[in-house]
Amino acid sequence: MSETEEVLQKVEHTHPTLNGKRVGIQTYAASKTQYLTTAEDMPKDMEKKFDAMIHKFFWEHKTARVNKQTLKRPLDEGGQNLIDIKLWNDTIHIVHLATFLGMNGATPRWALVMQDTMRNKVLSTYKALNPGILVNMFLQTWDTNKIDLPPDMKRILKVAKNNKLLMDAIMIPQEVKGEMPIWLHQGWSADRIRRTNDKSARCLQSNHNVRTAEDARRVAEGESKEPKECDSQIQCRRRANQLLDVLDPKWDPQS
48 MSETEEVLQK VEHTHPTLNG KRVGIQTYAA SKTQYLTTAE DMPKDMEKKF
98 DAMIHKFFWE HKTARVNKQT LKRPLDEGGQ NLIDIKLWND TIHIVHLATF
148 LGMNGATPRW ALVMQDTMRN KVLSTYKALN PGILVNMFLQ TWDTNKIDLP
198 PDMKRILKVA KNNKLLMDAI MIPQEVKGEM PIWLHQGWSA DRIRRTNDKS
248 ARCLQSNHNV RTAEDARRVA EGESKEPKEC DSQIQCRRRA NQLLDVLDPK
298 WDPQS
């Protein structure tokens, strides 16, 4: 921040026009902060300090005659198109969120670490469950203890919450229905914990290796190999059918 402030002071000594100030802010303040935010995240207090520094520079340390939000609006709307540090940072975290969800190609190592961290910090309600069924909290209904998460992870999850991220669509392709994790499925209306942790459920998880809705369908319809470790093949088939029957119809791979 001190480096950016020093550069803006040098620009200020040239007595720039409004356009010059805007270019100076975009060139020196925006580019430097966004690079660092992408790599390391920006603390909230630093975000506020940068925002204050930009507006002090714009008004030459005098009383502001126009409020901040007006200045951040586009030129054709009466603003000066000044950088909105918070909005830019949130945008960076939306990109991080998209990467975490696998929307930008291959999942990077940091996203795998984040997934493991969230599973390790799972809320106490879900600690008795088989950790192997906790795939992705955005695809399932489990949650993590956000208090114990690192700041950058908290920010990504907050952006997801503020933007009401939800896995949904009017029409769900059959392939997607089948690939959805069956345990703690967001298409289940109630009794999610009980369905996930009773004797038959544990057998399906450990012996039948049921993880997805398609896995459950294959067991229910007798298409999968029956493991020797299973005490009751009939009961497990019935249980797999029940898991599918309680799904919202649009999520049911059998429909």
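Numbering-wise (my numbering), the sequence shown opens with residue 48 and increments by one.
Even for Gly, the Cβ is constructed at its ideal location relative to N, Cα and C.
Given the structure is predicted, the values throughout are model-derived calculations rather than measurements.
Determine the direct distance from the alpha carbon of residue j to that of residue i, and round the result to whole angstroms.
i           : j           : result
residue 161 : residue 170 : 15 Å
residue 266 : residue 232 : 17 Å
residue 286 : residue 172 : 22 Å
residue 125 : residue 116 : 11 Å
residue 62  : residue 140 : 35 Å
My output table needs one value for residue i: the three-state DSSP class, helix, strand or coil.
i           : result
residue 178 : helix
residue 291 : helix
residue 228 : strand
residue 233 : coil
residue 23  : Not covered by the structure: residue 23. The range shown for the chain is 48 to 302.
State buried or exposed for residue i, treating a residue as buried only when at least 16 other CB atoms are found within 10 Å of its CB.
i           : result
residue 243 : buried
residue 296 : exposed
residue 179 : exposed
residue 51  : buried
residue 107 : exposed
residue 251 : buried
residue 187 : buried
residue 257 : buried
residue 234 : buried
residue 261 : buried
residue 200 : buried
For the candidate residues the options, whose alpha-carbon lies nearest to that of residue i?
i           : options               : result
residue 68  : 99, 131, 105 and 193  : 105
residue 92  : 254, 122 and 198      : 198
residue 133 : 212, 63 and 90        : 90
residue 283 : 298, 247, 275 and 264 : 247
residue 227 : 217, 192, 195 and 264 : 264
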